[in-house]
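Report on the structure given below.
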Amino acid sequence: MAKKQVVTSNINGEEVEFLCKPQQSLLEVLRDELDLTGAKEGCNNGNCGACTVMLDGHPVNSCLVLAVEAEGAEITTVESISQGGELHPLQQCFLEDAALQCGICTPGFLVAAKALLEKNPDATEHEIRFNLANNLCRCTGYDKIVKAVQDCQTRTKEAVSQ
Amino acid sequence: MKDFDYAAPTALNEAVSLLAQHNGSAKILAGGTDIIVQLREGLKDADVVIDVKKIPELTQLSYSAESGLSMGASVPCYQLYENPEIVGAYGALTDSARIIGGWQIQSRASVGGNLCNSSPAADSIPSLIANNATAHIVGPNGSREVAVTEFCTAPGKNVLESGELLVKITLPARVSKSASAYLRFIPRNEMDIAVAGVGSWVKLSEDGNTIEDARMGLCAVSATPQFAEEASAFLRGKPATDETFAAAGELAKKIASPIDDMRGTVEYRIHLVGVLTKRTLKIACERASEN
Amino acid sequence: MSTETPKAEVYLGKTDYKVIGTRPIRHDGADKVTGKAIYTADFKLPGMLHGAILRSPHPHANIKSIDTSAAEAMDGVMAVITAADMPGLKDKNASLGEGSVNLLDLGSNVLAHGKVLYRGHAVAAVAAKSVHIAQEALKHIVVEYEELPAVTWVLDAMKDDAPILLDRVRTDDMGEMSESPTNISKHIRFEKGNIEDGFSQCDIVIEKEFRTETVHQGYIEPHASVASWNEDGHLKIWTATQGSFTARQQTAELLELPVSKVTVTPCEIGGGFGGKIAVYTQPVAAMLSQKSGRPVKVTMQRNEVFEGTGPTPGSYMKVKIGATNDGKLVAGEAWLAYDAGAFPGGVIGPGCMCVFSCYEFEHAKVDGYDVLVNKPKTQAYRAPGSTHVAFAVETIVDEIAEKLEMDPIDFRLQNAAKEGTVRVDGLKYPRIGLIETLEALKNSDHYQSKLEGPNKGRGLGCGFWFNIGLKSSVTATVNSDGMVSLIEGSTDIGGTRTSIAMQFAETLGIPAEDVIPKVADTDSIGYTDVTGGSRVTFSTGLAAYKCALDIQDQLRARAADLWECEPENVTIEEGVYSHNGDSMTFKELADKACKVGDPVAGSATVSPDCFTNGFAAHLADVEVDPETGKVTILRYTAVQDAGKAIHPSYVEGQMQGGAVQGIGWTLNEEYFYDDKGTMKNASFLDYRMPTCLDVPMIETIIVEVPNPDHPYGVRGVGEPPICPPPGAIANAIYHATGQRMTELPISPPKLWKAISEK
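Protein chains in written order, with the working numbering: chain A, 1 to 162; chain B, 1001 to 1291; chain C, 2001 to 2758.
Have a look at this one:
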């Protein structure tokens, strides 16, 4: 039996030390060991995106990362999107635009969409759809999700111009 | 998932000796997007998983107009398509890198891993073949080079011997009036495995009217990705026209020997080779005449 | 013969709503965008073990023996169960709200009893200290199987020499039971008029055969349950379910417990669409908990969801429709065979009732068959059974309109079902809104626009779902700050907390934000049927309306006490209570009422025994790549009669979500079986549900023809929008390519073949 290893990562801005076995995915450790249950398991093989987190600045399916790989890594999860007791504009847009129904895919969409808007604030509808294609939603038909991302673009621009 | 040990060597020789020591029961982890699924689903077995992302040689990506591209085996896909020079020089490769899984996959998955996974449907391999890439391997007996065309030997199998490791893939420098393109057919628009895929590279004459040289690679239509040699040879000296592209497609179809499965029928896949050959040649020629 | 729809409540005819029709932020919204909402897999108990389920690798086999000893001996394994641990099952029906289930079948589906009937059928389960140990332990359970021939296609299963799945099954042939074992568990027939006479009056008759493949609901959250069996015999379950009370009843019946000994707490649920009504993990987690003496969590992997839980059936349909040259539909005949999966009781009944539901037919006849095959037991999937028949009928209707050179909307308008139309099963529609729906589509920008260019086509499709009533309970408590806590039993899958709270708020004249809705466990609220049948906003909303009236009456009485007048002399307008120059807002009165006298709390229970009858019409523009057979949806518009849209954004969301599920069903989704009966694509990679890159924006037009049986005119909206897409898209493909595609999915290889053989 493989021994548990000590892994140190920066998770949501905090230095975190945890114990895990090599067979445990980052998703499993986030959820079961660190109680960060915002990332969801929808398929456990990288096809639904519900477990999306940021790993060293890039969106990844945390079900396809071994927790031991996270040694020294910087990880952010959906739990860190709202700051200072305020929802992020993207979260606000998701709520105002009714971009969620059951909500299970929402954390993954928020993490991926936030990463996209930071990388490409002017993403076109096609670019939004292309970059969010690793995130499955079965409730909304995607319309209101895409519109929420677009509304967030508009809101961010308005905030900058003011 | 079955229990296994984890090692993250920081030097190439360390990785090689670990591999040798475990004699086949070690599995390499680069981006992890295939191997973690395979281990979880019991399709592969490992006593130890060797993470190669801390080995400098495997994470280096360098490009120059003179010497071409050198891509460490664990360089993630996004680093390719986010580099405009690489996009300009190796269109087929970056076309592939952009569609291997979704964005989250591309943050981790590497072309080296795609090659070593040796799936018949691997999206990057036709592009590597088209771009005449070379695989650089190290092992207990030193290093060797293998043309990517020769790398895969059967579904999931390749020329890597026990104890050997892919270090990097190199692509020759771009010559003027040359370009490449990759297209695959999938039923959805993303997140799918190729039903058929074709990567095409062309070198045009200075006036852009004649194809001086061409290389095409196919995937998902035989046990391993293939170099479409006859079709490539046919193109040399031909005018860059739709008729030529279609004729090359017919020749490429001759080497397709696909299977019937949930992704497509034999008949359909062979047909797609013709369509995709035609379309990728057209895009490659357009790109070539632009630069 | 026809039957009138029974009435629930009468439409009030209000038009000046303050809350209804607005778009407040959902009450559970902040939880769901911050990752704080607790779904079952997020839930933990101290000492909790993890379960895993062993599943059959064979589609059909007798179980000769199961040896669990090696698994039991493993370090960290705390319990192993098989069907032998399940109490004796009874051949008895239990209600699931939107249908009923035989307990012998249900129990045998939860854990195979002597025989496995499909690949993925649960055989045994383990509870261990980690999920990895539990999964390893499954490999050490030795099952000896005697493989049997399998049958997965419905028509093959109906043949005399087909392998028989269950020896106990006889055909219920319109009440007569057959003698010998069979896979055909039921034959239904509905008739109206005289079908032969009908066709003899027709100038044009078109008959076609259709085939559809098995598809899955595809919710993103896998099934999950946590169970804790106490020493006093009380079982607590936290689970992902569409109905906590039906989960409680099924689990209690299977485990031979009184229902009151089982508490089911519905956690937040990650989608259901009909697939989370029957129990799978709940009894397994409970039995593992009982045996191990510890709480146990059982969650499924994605392949288990595909292979072990309810898809909706594959089908064979033969449909014949006749019309006169002046464009009047006269006669319709259908022969429908739906697979039920491995146990009787599929969705053929609603299929038969829905087939001719959109149009006025003087003569109609339907024969329907419920057929066992070696696939997972089918379950409801959004308008169960209706999408199949809508595909068939809309294809033929489109062809008749084309042959008669009539506009497809005008043709449908001329024949549309309306108030007084008697459906083939004898039901007479009350006021319905199909005509208004079609007219709205006709006037839409989309329909008025031109679609030009090669390989492009536009198609129309209609669809219907009953939308049920059933039982709902709510309770409410007025707080001193003037806000009201509203407790309900309906699991909230898509924002119903808010749509119920809005009706409650409208009735009391307070803002939606002043209502605090909460979904409670089975001990904390009165019986409530499943979140299904598009019933919650209608029926639980009706309960909320009545509960609000109860609260209002109590507050009126308290105001009368304060003002020393008779309650009937207190007037109430938009939440302001007045008498003779005195007035108090709801908030002021709540404060006073909470300080002096009895607390103000109300409750209401309802069981409207009626249908709210939802109709939808969709328009699709497609482009077909003639070289690959790939279809791109260029533009898509969904129109639907919602009766009254309580929260228009969530109504639109249902229309868009249903449309995209329908698009997936039409173009790519299918259970792909090899010739041994093994599903080859049990993953999100190969099952191919639409991604956001596969669909355009889905334009919506909400039509509001008030439901006469609801105070605010609400109709169910969730289910109708999945019905029109296959017909609409198949018709669009025809207009783009000249090919009438009669098999779903219309996947690229099929369409390419049809085009290339033209």
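Even for Gly, the Cβ is constructed at its ideal location relative to N, Cα and C.
Bridge partners - residue i, DSSP secondary structure assignment
i	result
B:Lys1203	B:Ser1178 and B:Asp1213
C:Gly2457	C:Val2622
C:Ser2524	BP columns for C:Ser2524 are empty, so no partner.
A:His126	A:His126 is not bridged to any residue.
B:Val1146	B:Ala1135
B:Leu1029	B:Asp1051
Cβ neighbour criterion (16 or more within 10 Å) applied to residue i
i	result
C:Pro2006	Caution is warranted here: a pLDDT of 47 is assigned to C:Pro2006, below 50, making its placement in the model unreliable, and no coordinate value can be reported.
B:Ala1147	exposed
B:Ala1231	buried
A:Arg129	buried
B:Val1175	exposed
C:Glu2147	exposed
A:Leu19	exposed
B:Pro1084	exposed
C:Ala2073	exposed
C:Asp2514	buried
B:Ile1035	buried
C:Pro2696	buried
B:Leu1043	exposed
Spatial neighbours of residue i in its chain, beta-carbon cut-off 8 Å, leaving aside the 5 residues before and after
i	result
C:Arg2023	His2647, Pro2648 and Ser2649
C:Ile2164	Pro2181, Thr2182 and Asn2183
C:Ser2480	Ala2590, Asp2591, Cys2594 and Lys2595
C:Gln2739	Ile2733, Leu2751, Ala2754, Ile2755 and Lys2758
B:Asn1131	Tyr1090, Ala1092, Leu1093, Leu1171, Pro1172, Ser1180, Gly1199, Trp1201 and Arg1215
A:Gln91	Ile81, Ser82 and Leu110
Run of the beta strand (DSSP E) containing residue i, from where it starts to where it stops
i	result
A:Asn61	His58 to Asn61
B:Ser1062	Leu1061 to Ser1064
A:Val10	It is worth fixing the name first, because residue 10 of chain A is Asn in this sequence and not Val. Where A:Asn10 is concerned, the enclosing beta strand (DSSP E) stretches over Gln5 to Ile11.
C:Asn2102	Ser2100 to Asn2102
C:Tyr2577	Val2576 to His2579
C:Arg2688	Segment: none, C:Arg2688 is in no beta strand (DSSP E) and carries neither H nor E.
Nearest-angstrom Cα separation, counted from residue j out to residue i
i	j	result
B:Asp1005	B:Asp1047	6 Å
A:Gln153	C:Ala2754	44 Å
C:Phe2611	C:Ser2539	10 Å
C:Trp2238	B:Asp1192	35 Å
C:Cys2692	C:Phe2684	14 Å
A:Leu100	A:Ser161	29 Å
C:Thr2742	C:Ile2663	15 Å
C:Ala2810	C:Asp2085	The question about residue 2810 of chain C has no answer, for chain C in this structure spans 2001 to 2758.
C:Pro2721	B:Ala1133	51 Å
C:Pro2344	C:Lys2450	48 Å
A:Ser82	A:Pro121	19 Å
A:Leu110	A:Asp143	15 Å
Neighbourhood of residue i by C-beta, 6 Å cutoff - its chain only, sequence neighbours within 5 removed
i	result
C:Cys2723	Ala2383, Ser2386, Thr2387, Ala2390 and Gly2463
A:Cys102	Cys139
C:Arg2189	Met2174 and Asp2367
Residue i - containing alpha helix (DSSP H), residue span
i	result
C:Gly2662	Pro2648 to Leu2667
C:Met2287	Thr2281 to Ser2292
B:Asp1095	Gly1091 to Ile1099
C:Pro2266	From DSSP, C:Pro2266 is part of no alpha helix (DSSP H) but of the beta strand (DSSP E) over Val2262 to Pro2266.
B:Met1191	Per DSSP, B:Met1191 belongs to no alpha helix (DSSP H) and is neither H nor E.
C:Phe2391	Ser2386 to Lys2403
B:Arg1287	Val1266 to Glu1290
Same chain, Cβ closer than 7 Å to residue i, neighbours up to 5 away in sequence not counted
i	result
A:Leu27	Ala39, Glu41, Cys51, Ser62 and Cys63
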